[in-house]
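In what follows, a structure is listed as structure tokens, so that the remarks can point back to it.
Below, the structure is given as structure tokens:
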């Protein structure tokens, strides 16, 4: 294993990736990195994080429909539980 550079960890658990390592990995301010812990140490790999919606367009349509409908009221918790059990 070749050690390229070293750095210290702050009291908040932060480390600065040394300039030589940033250049080798083509990292810039705002770059995302992933960490993998192995029995030999930590592997740091550049990665891309993409935003994903938690719902499909079909699911969003159902959610929007439900949100636009009038809600139901129940006279007691038991009545609400009975309604939910029937769904």
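Numbering (our numbering), first residue to last: 1 to 87.
Cβ coordinates follow ideal geometry from the N, Cα and C atoms, glycine included.
Quantities reported herein were computed from a predicted structural model and do not represent experimental measurements.
Length of the line joining the Cα atoms of residue i and residue j
i: residue 40; j: residue 51; result: 32 Å
i: residue 64; j: residue 85; result: 23 Å
i: residue 29; j: residue 56; result: 33 Å
i: residue 61; j: residue 77; result: 29 Å
Proximal residues to residue i (C-beta, below 6 Å), its chain only, five neighbours per side dropped
i: residue 22; result: none
i: residue 36; result: 43
i: residue 7; result: 15, 16 and 18
Where residue i sits in the DSSP three-state scheme
i: residue 44; result: strand
i: residue 67; result: helix
i: residue 72; result: coil
i: residue 28; result: coil
Beta-carbon proximity list for residue i, same chain, < 8 Å, skipping 5 on both sides
i: residue 74; result: 80 and 83
i: residue 92; result: The structure shown does not extend to residue 92, since the chain is modelled only from 1 to 87, so the question has no answer here.
i: residue 4; result: 18, 20, 21 and 24
i: residue 53; result: 60
First and last residue of the uninterrupted beta strand (DSSP E) at residue i
i: residue 19; result: Careful: residue 19 lies outside any beta strand (DSSP E), inside the alpha helix (DSSP H) at 19-25.
i: residue 32; result: 32-38
Segment limits, alpha helix (DSSP H) that includes residue i
i: residue 79; result: 77-85
Residues bridged to residue i [DSSP beta-bridge criterion]
i: residue 11; result: Residue 11 is not bridged to any residue.
i: residue 51; result: According to DSSP, which records beta bridges pairwise, residue 51 is partnered with nothing at all.
Residues of its chain near residue i, where Cβ-Cβ distance is below 7 Å and the 5 sequence neighbours each way are ignored
i: residue 31; result: 46
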